[in-house]
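J.:
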Amino acid sequence: MHNKSIIELAKGLRSKAFSSVELTQSFLNRIKKHEHLNCFITVIADAALESAKQADAGISSGAANLLTGIPLAHKDIFCTQGVLTSCGSKMLANFNAPYNATVVEQLNHAGAVTLGKLNMDEFAMGSSNETSYYGCVKNPWHTSSVPGGSSGGSAVAVAARLTACATGTDTGGSIRQPAAFCGITGLKPTYGRVSRYGMIAYASSLDQGGPMARSAEDAAVLLQAMAGFDSKDSTSVDRPVPDYLSGLSGAIKGLKIGLPKEFFGDGLNNEVASVIDRAVEEFKKLGAVVKDVSMPNLELAIPAYYVIAPAECSSNLSRFDGVRFGHRCENPRDLTDLFTRSRGEGFGKEVKRRILMGTYALSAGYFDAYYIKAQQIRRLISEDFNNVLKEVDCLMGPVAPTTAFGIGEKIGNPIEMYLSDIYTIAINLAGLPAMSVPAGFSDGKPVGLQIIGNYFTEDKLLNIAHQYQSVTDWHQRIPNGFE
Amino acid sequence: MILTAEEVKKIAYLARLGIEHQDIESYTQDLSNVLDLMQQMGKTGTEGVLPMAHPMDQVQRLRQDLVTESNGRQNFQAVAPLVEEGLYLVPKVIE
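Residue numbers (the numbering used here), protein chains in the order written: chain A, 12 to 494; chain B, 132 to 226.
Here it is, written out as structure tokens:
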């Protein structure tokens, strides 16, 4: 059961080949069996079986859609009412959210069964899942390697078949890079496509939730339920949501693909480069036309991002003060001591680093030189994308410069860690949608192809990925021991 | 190094962020390295470029001035570390 696509599972549930309770129990058994991967922070077995029972009743009465009775899990950044929502931090290790995130509400409403909450880098700040208070998640392809981050738990749970699909969030590559490292399909939608209400904020002008799944088809089903306008999110975009599943039928003959030369320069691992080259060749066979393009300001994406994201983070995370929720220090002397010690004890090192960077960039005397400058560069990068996307239908390149690196390899060197997001960060600055699609292996570790599209072209991206997955089987490969 | 330990202590105070004394040096080093990376931005001229705060250049949506939320105090205070009779407790502010 655990290797079937969402559509196959939905068919099986309708034909009574198996019930949602049986399906849910089978995933719960697998979660238990593969506990050592450390991808779940919380498993809600009883609640899952209860909602599976309700889903079975709904399916019997004919009141069901594709996700009814399908087990899934949420990144622990999404608030789930009455269930621990830790955001991977000691700060929220006692936080049972008082309400549901809109994404959680939407998926509950669709009848999906929530198995539990998935491990992640603390407050989504990290590219390896090593900053989690709950420990690193292991990559099922190579257990001494990182799964990527920050949605590492989501990527591993999907890759190891511990859930049918999962939610993730992407601020600088946090859906795409772990999807690439774990050989699954991930989509970061256009900024504003998926509600951020109840999704714990890191950098609000960059954060976006999206689907993490085994195929473009599964991602389409999941995105269908997640996308849409939400009056509770002031940056949600009020625009109709297309039917993603029916959009998967279009031929891609004549599709114009741009290859940004900045994605293929120094720093890109040779083997990763040749996997990407072969994937592009496959698209040519499908009738696509390839064009070299250039985006000269792309090299400034990392410095601009590491001003803007920490600045927004230092502001967002000021709400954690030991008063209203989260960790509170023992016996505070006065108010300042309460704030300072609660925050000092509750946050991990990378979160502290980013709060400090952001506070510095926003402080008097440095605001123009760093924050305004970074926002100006952000516009130049965004204009670069707008210019090339006038000439081509989508852009392709690697998701990350290497495959999954070793646990412990980069955690001591923040700059080196930041550079692992070099191909994903610019997309968040521009607010564009982008996918990671399994495209092959290097040294037994998965490589992800990145496909970037224009604003609100998730339907086109999913179709491009689906056409590729119709002629390749990289997305169907399963890590050894998880068949 | 771009920053000094004293500056890092000052930033930490502005952020009300407790940092262990023995970690100050490593934060100073890390932050200096990141600031060094940020200096690259100086290479590109941005005079007259409008700062971009948001990918959609959106303005705030307006809504009718109507009550939409009900009182959820009990629900929200259930997750607070220390409350008494509906009030959040903090150390004494005024002597």
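We treat Cβ as the ideally placed atom computed from N, Cα and C, and that holds for glycine.
Pull up the distance between the alpha-carbon of A:Leu78 and that of A:Phe240, whole angstroms please.
T.: A:Leu78 and A:Phe240: Cα-Cα distance of roughly 20 Å.
J.: Chain B partners of A:Thr347, CB-CB under 8 Å?
T.: Under the 8 Å cutoff, chain B gives Arg147.
J.: Excluding sequence positions up to five away, which residues of its chain have a Cβ less than 7 Å from the Cβ of A:Arg25?
T.: For A:Arg25, where only same-chain residues beyond five positions count, the Cβ hits under 7 Å are Ile70.
J.: Indicate the three-state DSSP secondary structure (helix, strand or coil) for A:Cys90 in the structure shown.
T.: A:Cys90 falls in the coil class under three-state DSSP.
J.: According to DSSP, is A:Ser31 helix, strand or coil?
T.: Helix at A:Ser31.
J.: Thinking C-alpha only, which one of A:Phe192, A:Gln36, A:Leu367, A:Tyr202 is nearest A:Lys64?
T.: Checking every option, the nearest Cα to that of A:Lys64 belongs to A:Gln36.
J.: From the DSSP output, in three-state form, read off A:Cys405 for me.
T.: If DSSP states are grouped into helix, strand and coil, A:Cys405 belongs with the strands.
J.: Should the region 251-267 of chain A be regarded as contacting the region 467-479 of chain A, the criterion being three or more beta carbon pairs within less than 8 Å?
T.: The region 251-267 of chain A, when compared against the region 467-479 of chain A, does touch it at the 8 Å Cβ threshold.
J.: If you run the structure through DSSP and keep just helix, strand and coil, what is A:Val274?
T.: Per the sequence shown, the amino acid found at residue 274 of chain A is Phe instead of Val. It is helical.
J.: Name the chain B residues that come within less than 8 Å of A:Ile383, Cβ to Cβ?
T.: The contacting residues are Pro182.
J.: Considering A:Gly99, what are the terminal residues of the alpha helix (DSSP H) in which it resides?
T.: Run containing A:Gly99: none; DSSP gives neither H nor E here.
J.: When the distance is taken between beta carbons, is A:Ala411 closer than 8 Å to A:Ala191?
T.: Cβ atoms of A:Ala191 and A:Ala411: closer than 8 Å.
J.: How about A:Ala227 and A:Cys193: are their beta carbons less than 8 Å apart?
T.: No, they are not a contact pair.
J.: Could you please tell me which residues of the region 100-124 of chain A, in chain order, have their CB closer than 7 Å to any CB of chain B?
T.: Those residues of the region 100-124 of chain A that come within reach of chain B (Cβ to Cβ, closer than 7 Å) are Phe106, Asn107, Pro109.
J.: Comparing the C-beta of B:Thr175 with each C-beta of chain A, is any distance below 8 Å?
T.: Judged by the 8 Å Cβ criterion, B:Thr175 is in contact with chain A.
J.: Got a sec: is the Cβ-Cβ distance from A:Arg187 to anything in chain B below 8 Å?
T.: Taking Cβ atoms only, chain B never reaches closer than 8 Å to A:Arg187, which makes this a no.
J.: Answer yes or no: does any C-beta atom of chain B fall closer than 8 Å to that of A:Ile426?
T.: Cβ-Cβ to chain B under 8 Å: yes for A:Ile426.
J.: Check whether the Cβ atoms of A:Arg187 and A:Gly203 lie closer than 8 Å to each other.
T.: Not closer than 8 Å, so no.
J.: By the criterion of Cβ-Cβ separation under 8 Å, what are the contact partners of B:Leu162 in chain A?
T.: Here the neighbours are Arg364, Leu367, Met368, Tyr371.
J.: Taking the straight line between their C-alpha atoms, what separation do you get for B:Gly173 and A:Tyr429?
T.: So the alpha carbons of these two residues sit roughly 19 Å apart.
J.: So, with DSSP's three-state summary, where would you put A:Phe396?
T.: Helix.
J.: Do we get a CB-CB distance below 8 Å when we pair A:Pro412 with the residues of chain B?
T.: By this cut-off, A:Pro412 is not an interface position.
J.: Would you call the CB atoms of A:Ala231 and A:Tyr255 closer than 8 Å?
T.: A contact, by the Cβ cut-off of 8 Å.
J.: Tell me which residues of the region 283-314 of chain A have at least one Cβ-Cβ distance to chain B shorter than 8 Å, keeping chain order.
T.: Residues Asn308, Glu310, Leu311, Ile313, Pro314.
J.: Indicate the three-state DSSP secondary structure (helix, strand or coil) for A:Val169 in the structure shown.
T.: DSSP places A:Val169 in helix when its eight states are reduced to three.
J.: Would you give the residue range spanned by the beta strand (DSSP E) that B:Gln205 belongs to?
T.: Counting along the chain, B:Gln205 falls outside any beta strand (DSSP E), though it belongs to the alpha helix (DSSP H) covering 204-208.
J.: Given that a residue counts as buried once 16 or more other Cβ atoms are within 10 Å of its Cβ, and exposed if not, what is A:Ile313?
T.: By the 10 Å Cβ count, A:Ile313 comes out buried.
J.: Rounding to the nearest angstrom, what Cα-Cα distance links A:Asn465 and A:Tyr371 in this structure?
T.: The straight-line gap from Cα to Cα measures roughly 34 Å.
J.: Of the residues that make up the region 68-91 of chain A, which ones have a beta carbon closer than 7 Å to any beta carbon in chain B?
T.: Hits within the stretch: zero.
J.: Within 8 Å of any Cβ in chain A, is that where the Cβ of B:His152 sits?
T.: Closer than 8 Å: no.
J.: Going by DSSP, what residues sit across from A:Val448 in a beta bridge?
T.: Its beta-bridge partners are A:Leu460.
J.: Which residues, in order along the region 317-341 of chain A, keep a beta-carbon less than 7 Å from a beta-carbon of chain B?
T.: Listed by position along the chain: Tyr317, Val318, Ser325, Gly333, Val334, Arg335, Phe336, Arg339.
J.: What does A:Tyr202 reach in chain B if we use C-beta pairs closer than 7 Å?
T.: Pro186, Met187, listed in chain order.
J.: Is any beta-carbon of chain B found at less than 8 Å from that of A:Phe350?
T.: Interface residue, yes.
J.: So A:Gly23 is in the alpha helix (DSSP H); what residue range does that whole segment cover?
T.: Start and end: 17-25.
J.: Could you list which residues in chain A have their beta carbon closer than 8 Å to that of B:Ile142, in chain order?
T.: Result: Leu367, Thr370, Tyr371, Ser374.
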